[in-house]
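What follows is a set of notes on a single structure, which appears directly below.
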Amino acid sequence: METKPQRPAQEPKQTPENFVKDIRRNTRRIFSSEQKILIVMEALRGEDSVAAICRKHGIVESVFYKWNKQFLEAGKKRLAGDTTREATSDEVIELRKENQRLKEIVADLMLRYDILKKTDRQKVNEKEFGLVVEDKCSGAVPFFEREGGKEIKKLIENGVLPTLSVWTIDRLGRDLRDIINTIHYFNEHKVAIKFISQGLTTLNENGKENPISKMMISILGIVGEMERNQIRERQLEGIRIAKMKGVYKGRVEGSKEDVGAFLAKTKNRKALDLLKKNYKAIEISQITGLHINTITKIKKLGLVKN
15 METKPQRPAQ
25 EPKQTPENFV
35 KDIRRNTRRI
45 FSSEQKILIV
55 MEALRGEDSV
65 AAICRKHGIV
75 ESVFYKWNKQ
85 FLEAGKKRLA
95 GDTTREATSD
105 EVIELRKENQ
115 RLKEIVADLM
125 LRYDILKKTD
135 RQKVNEKEFG
145 LVVEDKCSGA
155 VPFFEREGGK
165 EIKKLIENGV
175 LPTLSVWTID
185 RLGRDLRDII
195 NTIHYFNEHK
205 VAIKFISQGL
215 TTLNENGKEN
225 PISKMMISIL
235 GIVGEMERNQ
245 IRERQLEGIR
255 IAKMKGVYKG
265 RVEGSKEDVG
275 AFLAKTKNRK
285 ALDLLKKNYK
295 AIEISQITGL
305 HINTITKIKK
315 LGLVKN
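Counting in this note's numbering, the sequence shown runs from 15 upward without gaps.
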């Protein structure tokens with residue numbers, strides 16, 4: 015008697031209930047701190063929707079928003095001064111461990127933003143703007159203490175600056191509190207800041223603060239501050255190791271130039287005279303051939319007031 019070959023059993027289609035159970039099962043697995051941050055940052059980049067990212071990593075959206083809230087709360091506590099208390103030795107050790115875990119994240123972000131920080135890249139669309147102010151100094155310098163920052167502040171006070179376009183957030187500063195204070199000053203004067211590379215604007219068309227931009231600026235500000243602290247920590251660690259090896263000896267004794275002798279130099283004396291005549295640093299640099307940093311030093315040592 016012939017028997018018909020049996021068809022291979024088909025796998026049952028996954029029901030919506032089982033799909034949800036699988037997601038919940040995956041959600042229960044432990045995510046490290048850096049994995050959570052990477053997932054949140056992936057969503058902030060805006061390349062995929064939150065729903066797509068949650069499906070990709072096997073988490074429910076409520077978990078993602080919980081992680082996002084935790085990240086924001088950490089930033090708020092930082093602003094409120096919660097982390098300014100004196101740290102115990104155990105806390106310092108824990109912070110160093112956390113810094114170690116975040117090194118790879120910071121390195122990745124530094125690579126991503128390295129090209130964006132180049133001056134030539136920032137000049138690509140300069141013809142679109144009414145006035146271009148170029149500041150060749152570290153982002154660690156408080157915004158309104160820079161030559162360009164002082165110029166912008168005067169424009170705001172005169173009411174002739176409706177919008178400021180900045181290439182990236184860390185050009186406002188590397189300290190989160192300083193960034194927030196700077197943005198607050200602009201908001202008070204109803205001047206919108208546009209961050210070109212991130213596609214963010216601080217104020218809406220009606221002049222009110224943009225809540226989404228505020229959230230993302232806080233997070234990216236934390237990343238910028240963390241990046242600077244990481245660089246400083248590596249620098250100090252390198253100095254400590256060099257001292258142990260006897261390689262690093264610090265400044266050579268007697269190498270510091272006397273203030274009077276420094277200001278008595280021909281070019282420096284000419285620069286000081288021009289500063290007293292209210293010439294701008296960039297103009298003095300073109301006349302004397304001195305670097306902007308040297309002119310700033312002359313300004314400080316010569317006790318020239320703005």
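Glycine is no exception: its CB is placed at the ideal position from the N, C-alpha and C atoms.
Problem set entry | Touching by the beta-carbon criterion (3+ pairs, under 8 Å), the region 281-289 and the region 308-316 | yes
Exercise. SER299 by DSSP, collapsed to three states: which one?
Worked result: By one-based count along the sequence shown, residue 299 stands at place 285. SER299 falls in the helix class under three-state DSSP.
Problem set entry | the region 209-218 contacting the region 153-169, beta-carbon criterion three pairs below 8 Å | no
Exercise. Can you name the start and end residues of the beta strand (DSSP E) that LEU178 belongs to?
Worked result: Your numbering for residue 178 matches position 164 in the sequence shown. It spans 177-180 - the beta strand (DSSP E) in which LEU178 sits, taken as one unbroken run.
For this session: Report the three-state DSSP secondary structure of THR280 (helix, strand or coil).
Result: As a working mapping, residue 280 is identified with position 266 in the sequence shown. Three-state DSSP puts THR280 in a helix.
For this session: Compute the Euclidean distance between the alpha carbons of MET258 and MET230, then round it to the nearest angstrom.
Result: Along the sequence shown, one-based indexing puts residue 258 at 244. Along the sequence shown, one-based indexing puts residue 230 at 216. So the alpha carbons of these two residues sit roughly 42 Å apart.
Exercise. Sorted by chain position, which residues of the same chain lie with C-beta nearer than 7 Å to VAL174's C-beta, five sequence neighbours on each side aside?
Worked result: For the purposes of this step, residue 174 is taken as the residue at position 160 of the sequence shown. Excluding residues within five positions, none has a Cβ falling inside 7 Å.
For this session: Figure out for me which residue from LEU304, ASN82, ILE170, LEU178 has the closest Cα to the Cα of THR215.
Result: Within the sequence shown, numbered from 1, the residue matching residue 215 stands at position 201. The candidate whose alpha carbon is nearest that of THR215 is LEU178.
For this session: Can you tell me which of the three DSSP states THR216 falls into?
Result: Taking the sequence shown and counting its residues from 1, the one referred to as residue 216 is at position 202. In this structure, THR216 counts as coil in the three-state DSSP scheme.
For this session: In the DSSP assignment, find the beta strand (DSSP E) that holds ILE367 and state where it starts and stops.
Result: The chain is shown only over 15 to 320; residue 367 falls outside these bounds and no answer can be derived.
Exercise. So ILE193 packs on GLY252, CB below 8 Å; how close in whole Å?
Worked result: Sequence index remark: in the sequence shown, residue 193 carries index 179 (1-based). Sequence index remark: in the sequence shown, residue 252 carries index 238 (1-based). Contact flag wrong, Cβ pair sits at about 27 Å.
Exercise. Can you pull the DSSP bridge partners for GLU223?
Worked result: Working through the sequence shown from its first residue, we reach residue 223 at position 209. Its beta-bridge partners are LEU217.
Problem set entry | Within 9 Å, strictly: CB atoms of ARG254 and ASP189 | For the purposes of this step, residue 254 is taken as residue 240 along the sequence shown, with counting starting at 1. For the purposes of this step, residue 189 is taken as residue 175 along the sequence shown, with counting starting at 1. No, these two residues do not count as a Cβ contact at 9 Å.
Exercise. At what residues does the alpha helix (DSSP H) containing LYS204 begin and finish?
Worked result: The residue given as residue 204 occupies position 190 in the sequence shown. Taken as a continuous stretch (DSSP letters only), LYS204 belongs to no alpha helix (DSSP H), as it is neither H nor E.
For this session: Could you name the residues of the same chain whose beta carbon sits closer than 7 Å to that of THR302, not counting the 5 residues immediately before and after it, in chain order?
Result: The count along the sequence shown starts at 1 and reaches residue 302 at position 288. These residues qualify, in order along the chain: LYS281, LYS284, ALA285.
Exercise. So, are the CB atoms of ASN195 and GLU223 less than 9 Å apart?
Worked result: Within the sequence shown, the letter at position 181 stands for residue 195. Within the sequence shown, the letter at position 209 stands for residue 223. For ASN195 and GLU223, no; Cβs fall outside 9 Å.
For this session: Rounded to whole angstroms, what's the CA-CA distance from GLY221 to VAL205? Just pull it up for me.
Result: Sequence index remark: in the sequence shown, residue 221 carries index 207 (1-based). Sequence index remark: in the sequence shown, residue 205 carries index 191 (1-based). Each residue's Cα considered, the two are about 8 Å apart.
Problem set entry | Candidates GLY163, LEU217, GLU75, GLY316: closest to ALA349 by CA position | The question about residue 349 has no answer, for the chain in this structure spans 15 to 320.
Exercise. With distances taken from CA atoms, which of ARG191, ILE306, PHE85 is nearest LEU52?
Worked result: Within the sequence shown, residue 52 is the residue found at index 38, counting from 1. The shortest Cα separation from LEU52 among ARG191, ILE306, PHE85 belongs to PHE85.
For this session: Could you pull out every residue in the same chain whose Cβ sits closer than 6 Å to the Cβ of HIS203, ignoring the five residues on either side in sequence?
Result: As a position in the sequence shown, residue 203 is number 189, starting the count at 1. These residues qualify, in order along the chain: ILE170.
Problem set entry | DSSP three-state assignment for PHE333, whether helix, strand or coil | Nothing about residue 333 can be reported from this structure: the residues present for the chain run from 15 to 320 only.
Problem set entry | Where the alpha helix (DSSP H) through LYS70 begins and ends | Start at 1 with the first residue of the sequence shown, and residue 70 comes out as number 56. Unbroken alpha helix (DSSP H) run through LYS70: 64-71.
Exercise. Roughly how many angstroms separate the alpha carbons of LYS70 and MET55, rounded to a whole number?
Worked result: Position 56 of the sequence shown, counted from the start, is the residue given in the question as residue 70. Position 41 of the sequence shown, counted from the start, is the residue given in the question as residue 55. Roughly 14 Å between the two C-alpha positions.
Problem set entry | Residues that GLU209 bridges to, as DSSP identifies them | As a working note, residue 209 is residue 195 in the sequence shown. The identity of residue 209 in the sequence shown is Phe, whereas the question assumes Glu. PHE209 pairs with VAL180, LEU214.
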